[in-house]
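Q: One structure follows; several queries about it will come next.
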Amino acid sequence: MTDGLVINGARYPVPGVRVVTWEDDSRVPKAVHGAPRDSSSVTGTIAHTSRGKRYSVTRDTGSPAKGLRVARYLGRSNSRQVSAHVVIAGDGTVYQIADIGAWRCNHAGSVNPWTASGEVAQDDDDPSLTRAQVAAFVATMHAIHDALRIPKRVPMIEGRHVIEDVRAWLSRKSGGEQRAFSGCAGHRNTSASRGEGDPGD
Numbered sequence: 040m041t042d043g044l045v046i047n048g049a050r051y052p053v054p055g056v057r058v059v060t061w062e063d064d065s066r067v068p069k070a071v072h073g074a075p076r077d078s079s080s081v082t083g084t085i086a087h088t089s090r091g092k093r094y095s096v097t098r099d100t101g102s103p104a105k106g107l108r109v110a111r112y113l114g115r116s117n118s119r120q121v122s123a124h125v126v127i128a129g130d131g132t133v134y135q136i137a138d139i140g141a142w143r144c145n146h147a148g149s150v151n152p153w154t155a156s157g158e159v160a161q162d163d164d165d166p167s168l169t170r171a172q173v174a175a176f177v178a179t180m181h182a183i184h185d186a187l188r189i190p191k192r193v194p195m196i197e198g199r200h201v202i203e204d205v206r207a208w209l210s211r212k213s214g215g216e217q218r219a220f221s222g223c224a225g226h227r228n229t230s231a232s233r234g235e236g237d238p239g240d
């Protein structure tokens with residue numbers, strides 16, 4: 040295990056999870072797309088899948104390779120100018136490419152300034168996730184929520200989990216109200232153009 044996630048320049052352990060940051064391994068880049076921010080503005084987290092495809096959880100574990108490739112893509116300069124805070128690989132390794140509190144990543148449009156992002160890597164030929172990934176994602180989100188005092192909740196409407204886009208959270212450009220929320224939502228909850236596999240039900 041390592042010393043954990045970098046949040047506001049300090050380390051926060053994630054019990055049972057191997058976290059590798061740009062400070063720990065030269066293969067893990069530091070995100071270049073985004074901007075500095077005040078961590079007190081962070082009130083939510085966004086769950087992503089890298090391919091946005093529907094999936095099932097079929098294996099216990101997988102490889103770290105795709106997760107590292109996704110982290111390298113999101114951390115380096117590219118034509119899309121996208122980034123993310125953490126990427127979770129098939130073996131449950133968490134690659135961190137940006138300070139979760141101090142850096143705004145370009146991951147989900149209008150919600151970027153006040154959210155942290157967790158990207159679960161999917162293979163190109165098989166979008167299925169592993170149990171190791173899901174467990175590492177959940178533990179990582181718990182650690183982020185604890186460190187930044189974000190409520191541990193997911194959106195509910197009339198007693199059911201919200202799986203569609205929420206008008207209040209959509210950008211004004213998309214006909215939404217561009218309001219902030221507190222808790223953990225999926226990318227498809229904040230965008231009318233995301234598929235049902237981002238991050239899935």
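Heads up, the sequence shown is in the working numbering, so the first residue is 40 and it goes up one at a time. All C-beta atoms in this analysis are idealised placements derived from N, C-alpha and C, irrespective of residue type, glycine included. Since we're looking at a predicted model, the values are computed, not measured.
Do you know how far the Cα of Leu107 is from the Cα of Ala137?
A: Position 98 of the sequence shown, counting from 1, holds the residue named residue 137. Position 68 of the sequence shown, counting from 1, holds the residue named residue 107. The straight-line gap from Cα to Cα measures roughly 14 Å.
Q: Relative to the C-alpha of Thr84, which candidate in Pro190, Ala49, Tyr51 has its C-alpha closest?
A: In the sequence shown, the residue the question calls residue 84 occupies position 45. Measuring from the Cα of Thr84, the nearest candidate turns out to be Pro190.
Q: Say whether the region 128 to 143 touches the region 58 to 77, bearing in mind that this needs 3 or more beta-carbon pairs closer than 8 Å, one atom from each stretch.
A: Verdict: yes, contact present.
Q: Mark Pro103 as exposed unless 16 or more other C-beta atoms lie within 10 angstroms of its C-beta, in which case mark it buried.
A: Taking the first residue of the sequence shown as 1, we reach residue 103 at position 64. When all chains shown are included, Pro103 counts as buried.
Q: Quick one: residues in its chain with C-beta nearer than 8 Å to the C-beta of Glu235, no 5 flanking neighbours on either side, listed in chain order?
A: The residue labelled residue 235 in the question sits at position 196 within the sequence shown. Hits under 8 Å: Arg93, Ile202, Arg227.
Q: Measuring only the C-alpha atoms, how far is Ile46 from Gly215?
A: In the sequence shown, the residue the question calls residue 46 occupies position 7. In the sequence shown, the residue the question calls residue 215 occupies position 176. Roughly 30 Å separates the two Cα atoms.
Q: Find the nearest neighbour of Asp240 within the set Lys212, Gln161, Ala224, Arg218, judged by alpha-carbon distance.
A: In the sequence shown, residue 240 corresponds to position 201, counting from 1. Looking at the Cα atoms, Ala224 is the closest of the given residues.
Q: So which of His87, Gln172, Ser149, Gly91 has the shortest CA-CA distance to Thr100?
A: Here the question's residue 100 lines up with position 61 in the sequence shown. Nearest of His87, Gln172, Ser149, Gly91 to Thr100, Cα basis: Gln172.
Q: Return no unless some Cβ of chain D is closer than 8 Å to the Cβ of Ala231.
A: Note that chain D does not occur in the displayed structure, where there is just one protein chain.
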